[in-house]
Amino acid sequence: METKPTEISSSKMFDGFNKRYKHFSPILGCSMTFHIYFPPSPSPSHKFPVLYWLSGLTCNDENFIIKSGAQRAASAEGVALVAPDTSPRGLNVEGEADSWDFGVGAGFYLNATQEKWKNWRMYDYVVKELPKLLSENFPQLNTSKASISGHSMGGHGALTIYLKNLDKYKSVSAFAPVVNPTNCPWGQKAFTNYLGNEKAAWEEYDATHLISNFHNVSATILIDQGQDDKFLHDQLLPHKFEEACRSVNAPLLLRLQPGYDHSYFFISTFIADHISHHAQALKL
173 METKPTEISS SKMFDGFNKR YKHFSPILGC SMTFHIYFPP SPSPSHKFPV LYWLSGLTCN
233 DENFIIKSGA QRAASAEGVA LVAPDTSPRG LNVEGEADSW DFGVGAGFYL NATQEKWKNW
293 RMYDYVVKEL PKLLSENFPQ LNTSKASISG HSMGGHGALT IYLKNLDKYK SVSAFAPVVN
353 PTNCPWGQKA FTNYLGNEKA AWEEYDATHL ISNFHNVSAT ILIDQGQDDK FLHDQLLPHK
413 FEEACRSVNA PLLLRLQPGY DHSYFFISTF IADHISHHAQ ALKL
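Read in order, the letters of the sequence shown are residues 173 to 456 in our numbering.
What follows is the structure, encoded as structure tokens:
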């Protein structure tokens, strides 16, 4: 199986390039795709810091690249964007595509412990396999200078991965993240199936629970949340995370944006602020 990434498409944008790659993932046991946006390079030996973007339910590696408009700011700031897929694909596990909020397109960025879903190890894929793959195959990327961001389920992924790996990422941000999945229907459904009924295992992937264990968060956590988001009050629960941050003095900037919903229209409106937030941290 070819673990080395193969380029499958390339499009110029803001003087840089969106490139899509395919590779076999030993961790997930299937072929995976991911996108990299390479900004224009000032010199052949230049290395770009990396911003990982984790997408939400039903998405793959294309949604952010096509819809967010993030490349304009990334080009200006000199930050490479890396967008992986949201779950394993093509494994044909029974029931994997029965619902939009679980299984295919819904990996929740965790390592499943239940035998049926043993290939769902998106946490290890994002934290371990992908950075190693990038550092070994793309000399123009400086993977030791990395930040992480995401939307909805991907915002949950970005926050939990950041909090558990403060040595690996310089900063974190999220759009409409699922911050307290142990207390919302999306999270309860996914966690029951992937992790079983042991609530302690769930809390390992819940940003609101995790923040209380990490008192050395120094970079401000940036979250944008649309106030007209239909998922705000039953699935996303940003105020739970805000309370948890306040209780441990973790630096949080939670911006409630009036009139905005859960869509990429919302993301594209504020994405430049997020790229700037990360560029500042990555250049320190």
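For glycine and all other residues, C-beta sits at the position ideal for the given N, C-alpha and C.
Distances from the CA of K288 to each of G326, Y295, D273, G267 were compared; the closest alpha carbon is that of G267.
Distance from A255 to F274 at the Cβ level is roughly 21 Å; contact not present, criterion being Cβ atoms closer than 8 Å. Selection L408, N355, A348 evaluated against D396 yields A348 as nearest (Cα-Cα). For T230, the secondary structure class from DSSP, reduced to helix, strand or coil, is coil. Under DSSP, Y209 forms a beta bridge with N190, L253. The Cβ atoms of V251 and I447 lie closer than 8 Å to each other. Burial state of N352 is buried, judged by a 10 Å Cβ sphere holding 16 or more other Cβ atoms.
Measuring C-alpha to C-alpha distances from F186 to each of S213, P177, Y297 identifies S213 as the nearest. Per the DSSP secondary-structure output, K184 pairs in a beta bridge with F189. One thing to note: V298 has its Cβ within 8 Å of the Cβ of I333. Between P410 and L425, the CB-CB gap reaches or exceeds 8 Å. Taking all protein chains in view, the Cβ of A372 is surrounded by fewer than 16 other Cβ atoms within 10 Å, so the residue is classified as exposed.
R192 counts as buried, since at least 16 other C-beta atoms from the protein chains shown sit within 10 angstroms of its C-beta.
Membership of Q360 in the alpha helix (DSSP H) is indicated by the continuous run 357-367. Pairing G201 with S324 gives a Cβ-Cβ distance that is not under 8 Å. DSSP assignment within the region 319-399 yields the following whole beta strand (DSSP E) runs of 3 residues or more, N-terminal first: 344-347, 393-398. Straight-line measurement puts the Cα of I320 at about 19 Å from the Cα of E414. Nearest in C-alpha terms to G368, of all of F280, C231, A284, L302, is A284.
N291 places its beta carbon 8 Å or farther from that of D257.
A direct Cα-Cα distance of roughly 14 Å separates S183 from K239.
With contacts defined as CB atoms closer than 8 Å, T175 and H207 fail to qualify as a contacting pair. The criterion of a C-beta distance shorter than 8 Å is not satisfied by W374 and T392. Around the beta carbon of R293, 16 or more other beta carbons lie within 10 angstroms, which makes this residue buried. For Q452, the enclosing alpha helix (DSSP H) has its first and last residue at 436-454.
According to the DSSP assignment, R418 belongs to the alpha helix (DSSP H) that extends over 410-419. Ranked by how close their Cα comes to the Cα of F220, the residues A246, S345, T205 have A246 in first place. As the crow flies, the alpha-carbon of T315 is around 22 Å from that of I180.
Distance between D378 and Q312, taken at the CA atoms: about 34 Å.
With contacts defined by Cβ atoms closer than 8 Å, T380 and K412 form a contacting pair. If you draw a straight line from the Cα of S440 to the Cα of R244, it comes to about 11 Å.
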